[in-house]
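Since the structure comes first, as structure tokens, the remarks are kept for the end.
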Amino acid sequence: MAKHNIPSAIRGTQDIFGEDQERFGHVVETFDRVRRLYNFKRAELPVFEATGVFARSLGESTDVVSKEMYSFEDRSGDSLTLRPEFTAGIARAYLTNGWQQHAPLKLATHGPLFRYERPQKGRYRQFHQIDAEIIGAAEPQADVELLVMADQLLKELGIDQGVTLQLNTLGDSATRAAWRTALVDHFEKHKGELSEDSQNRLETNPLRILDSKEAQDRPIADSAPDIDEFLSDDAAAFFASVTSGLNAANVAWQRNSRLVRGLDYYRHTAFEFVTDRLGAQGTVLGGGRYDGLIQNMGGPATPAVGWAAGIERLAMLVDTLQTPKLDVAVVAENRDRESEAMALVSQLRRGGVSTEIFATGSPKKRYNRAVKTSPRFIASLDVRDGEKTQGLSAQGDEADDRITSLFDNRAWLKG
RNA sequence: GCGAUCGUAGCUCAGUUGGUUAGAGCGCCGGUUUGUGGUACCGGAGGUCGGGGGUUCGAGACCCCUCGAUCGCCCCA
Numbered sequence: 008m009a010k011h012n013i014p015s016a017i018r019g020t021q022d023i024f025g026e027d028q029e030r031f032g033h034v035v036e037t038f039d040r041v042r043r044l045y046n047f048k049r050a051e052l053p054v055f056e057a058t059g060v061f062a063r064s065l066g067e068s069t070d071v072v073s074k075e076m077y078s079f080e081d082r083s084g085d086s087l088t089l090r091p092e093f094t095a096g097i098a099r100a101y102l103t104n105g106w107q108q109h110a111p112l113k114l115a116t117h118g119p120l121f122r123y124e125r126p127q128k129g130r131y132r133q134f135h136q137i138d139a140e141i142i143g144a145a146e147p148q149a150d151v152e153l154l155v156m157a158d159q160l161l162k163e164l165g166i167d168q169g170v171t172l173q174l175n176t177l178g179d180s181a182t183r184a185a186w187r188t189a190l191v192d193h194f195e196k197h198k199g200e201l202s203e204d205s206q207n208r209l210e211t212n213p214l215r216i217l218d219s220k221e222a223q224d225r226p227i228a229d230s231a232p233d234i235d236e237f238l239s240d241d242a243a244a245f246f247a248s249v250t251s252g253l254n255a256a257n258v259a260w261q262r263n264s265r266l267v268r269g270l271d272y273y274r275h276t277a278f279e280f281v282t283d284r285l286g287a288q289g290t291v292l293g294g295g296r297y298d299g300l301i302q303n304m305g306g307p308a309t310p311a312v313g314w315a316a317g318i319e320r321l322a323m324l325v326d327t328l329q330t331p332k333l334d335v336a337v338v339a340e341n342r343d344r345e346s347e348a349m350a351l352v353s354q355l356r357r358g359g360v361s362t363e364i365f366a367t368g369s370p371k372k373r374y375n376r377a378v379k380t381s382p383r384f385i386a387s388l389d390v391r392d393g394e395k396t397q398g399l400s401a402q403g404d405e406a407d408d409r410i411t412s413l414f415d416n417r418a419w420l421k422g
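Take any residue in the first sequence, count from 1 to its spot, add 7: that is its number in the working numbering.
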């Protein structure tokens with residue numbers, strides 16, 4: 008199968024074609040339609056950035072930065088990194104282009120991301136996300152708007168069944184710091200009972216112990232102090248506005264006080280849309296508020312919220328799509344009619360009708376090949392008993408005046 | 001990074017306890033038949049059995065290594 012001398016695809020990359028591409032394209036098109044309804048502007052951003060853009064903002068100790076980035080030196084010796092996520096690059100673009108003048112700015116984008124991970128169902132080294140961000144909006148209404156948009160997107164894709172919105176707050180930075188300290192204290196006390204993984208997490212990312220799947224970790228994680236004990240009044244009020252906004256918009260949600268986000272920059276609202284239909288890769292859309300990120304990057308204090316969703320994961324949930332049918336298959340059943348067939352095809356295409364020509368290979372089999380593409384109409388050009396014959400036949404029971412009149416206009420017929 | 005399963009024509013797969021020139025269906029190309037029709041029949045092209053090494057008189061089948069896919073762990077979207 009894999010022949011010698013034929014290059015193979017890089018591990019974890021995909022060549023998306025056929026039905027998979029139909030689903031993929033459907034997700035992107037639906038996103039683009041929905042983001043217009045919410046008046047988000049499209050942005051196209053570079054696929055690589057200076058390494059520091061990601062390393063500093065995501066957190067040096069996160070797995071994404073410490074072992075998953077595709078980083079390399081370019082010819083001038085600068086360290087560059089293929090984007091492992093969108094948010095940091097968008098924040099950078101916001102600052103370098105002076106987009107403060109447009110604040111609050113609602114941005115949407117999509118494209119490839121790169122992470123050096125072990126490939127698995129719904130997990131690739133080059134994967135694709137759709138992404139929505141609101142930058143320069145401190146109000147909880149921004150969080151609500153983003154969540155309502157996500158909810159509508161999933162509904163329009165027809166995949167809201169079995170997908171639940173899990174919501175949490177991480178509080179402001181003082182809250183998060185106090186909670187984190189209390190968690191570390193709690194876990195230190197039970198360190199000996201924790202799994203090996205979780206003992207490591209205690210050093211690197213203690214919040215992650217909360218959603219550990221190890222049975223031996225569960226009692227300790229479940230008895231850990233809750234964020235609610237540490238929430239400042241402002242942070243609690245903020246979260247209350249988000250939840251009441253969701254209720255007002257009729258978006259179903261579940262509080263998950265153990266929900267934690269992997270990247271360091273999140274504050275306040277954190278959320279994931281989760282399904283049980285994708286095995287281990289259950290998170291289909293995730294995000295939250297990252298008020299401190301832009302300031303950390305050297306810009307002015309700028310509140311922001313956003314989310315991203317994996318296009319491949321969404322596409323896997325989408326039901327089989329009916330692909331749009333070809334309008335007309337033009338068949339030259341005789342070699343002497345081939346150039347006229349080409350003329351007819353051009354006339355139809357210029358008239359806005361999707362058309363394919365069948366004028367190669369065995370004349371006897373051209374018609375059969377045309378039938379197999381399941382077109383709406385078949386136009387047949389033949390020579391019978393020395394006479395030219397031509398006909399247009401509908402394959403279903405539908406009529407189409409536009410196609411009929413383009414065919415009946417015999418400009419393509421010579422002599 | 002760790003564990004498990006898998007890898008035979010373009011595609012989906014058979015290949016019996018290791019035994020002569022590796023098979024089918026679909027697809028592709030050609031022919032005959034039919035003659036306004038996705039017909040039937042005949043023929044053809046296309047495989048270093050993922051790659052490398054080993055065991056054996058003999059390996060697609062067994063062993064080791066390697067690459068890739070899949071499913072978990074981890075991480076995350």
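Virtual Cβ for every residue (Gly too), placed ideally from N, Cα, C. Model, not experiment: these values are computed from the prediction.
Under three-state DSSP, which class holds residue i?
i, result
"L300", "helix"
"M8", "Per-residue confidence for M8 stands at a pLDDT of 41, beneath the threshold of 50, marking its modelled position as unreliable; no derived number is given."
"A255", "helix"
"R273", "Here the sequence assigns Tyr to residue 273, which means Arg is not the residue at that position. Here Y273 sits in coil by DSSP."
"R284", "coil"
"T380", "coil"
"W260", "coil"
"K128", "coil"
"V325", "coil"
"F47", "coil"
"Q142", "According to the sequence shown, residue 142 is Ile rather than Gln. Correct three-state label for I142: strand."
"G294", "strand"
"L172", "strand"
"E340", "coil"
"V335", "strand"
"T211", "helix"
"S216", "The amino acid occupying residue 216 in the given sequence is Ile; Ser does not appear at that position. Note: I216 maps to helix in three-state DSSP."
"I227", "helix"
"F246", "helix"
"G199", "helix"
"Q21", "coil"
"E221", "coil"
"A62", "helix"
"D241", "helix"
Mind checking which residues open and close the alpha helix (DSSP H) that includes residue i?
i, result
"W186", "180-196"
"Y101", "94-103"
"H33", "25-44"
"Q159", "147-163"
"L413", "408-415"
"D70", "70-74"
"E80", "Where E80 is concerned, there is no enclosing alpha helix (DSSP H), although the beta strand (DSSP E) it sits in stretches over 77-80."
"Q108", "Premise fails: Q108 is in no alpha helix (DSSP H) and is neither H nor E."
"R356", "345-357"
Could you round the C-beta distance between residue i and residue j to whole angstroms and report it? I think they count as a contact, below 8 angstroms.
i, j, result
"L292", "K128", "No, L292 and K128 are not in contact; Cβ-Cβ is about 17 angstroms, not under 8 angstroms."
"Q288", "R130", "6 angstroms"
"E363", "T380", "6 angstroms"
"A256", "V155", "5 angstroms"
"D150", "R265", "Contact doesn't hold; Cβ gap of about 20 angstroms is too wide."
"T176", "I234", "7 angstroms"
"V267", "G165", "Their Cβ separation, rounded to whole angstroms, is 30 angstroms, which puts V267 and G165 out of contact at 8 angstroms."
With DSSP as the reference, please indicate the residues paired to residue i in a beta bridge.
i, result
"F55", "L89"
"R391", "E394"
"L420", "In DSSP, L420 forms no bridge with anything."
"S400", "I385"
"I318", "DSSP lists no partner for I318."
"T362", "V335"
"I137", "H117, A316"
"R279", "Contrary to the premise, residue 279 reads as Glu rather than Arg in this sequence. Answer is Q173, G293."
"A7", "The shown model of the chain, from 8 to 422, leaves out residue 7, and the question about it has no answer."
Over what stretch of residues does the beta strand (DSSP E) that includes residue i continue unbroken?
i, result
"P119", "112-121"
"L177", "Segment: none, L177 is in no beta strand (DSSP E) and carries neither H nor E."
Check your understanding: So, do the segment 351-365 and the segment 295-309 have three or more beta carbon pairs nearer to each other than 8 angstroms?
Key -> no
Review point. Are three or more beta carbon pairs between the segment 269-286 and the segment 169-187 nearer than 8 angstroms?
Key: yes
**Study point:** the segment 89-96 in contact with the segment 59-67 per 3-pair CB rule at 8 angstroms
**Key:** yes
Review point. Do the segment 242-251 and the segment 205-213 touch if we need at least three Cβ pairs shorter than 8 angstroms?
Key: no
Review point. Within the chosen definition, does the segment 137-154 reach the segment 218-229 through at least 3 CB pairs nearer than 8 angstroms?
Key: no
Check your understanding: Pairing CB atoms from the segment 386-393 with CB atoms from the segment 333-353, are three or more of them under 8 angstroms?
Key -> yes
Exercise for review: Indicate whether the contact test is met: 3 or more Cβ pairs, each with one atom in the segment 318-328 and one in the segment 295-304, closer than 8 angstroms.
Suggested key: no
Check your understanding: Three or more C-beta pairs closer than 8 angstroms, one from the segment 340-348 and one from the segment 365-381: is that the case here?
Key -> yes
Practice item. May I ask you to verify whether the segment 100-119 touches the segment 46-56, counting CB pairs closer than 8 angstroms and requiring at least 3? Key: yes
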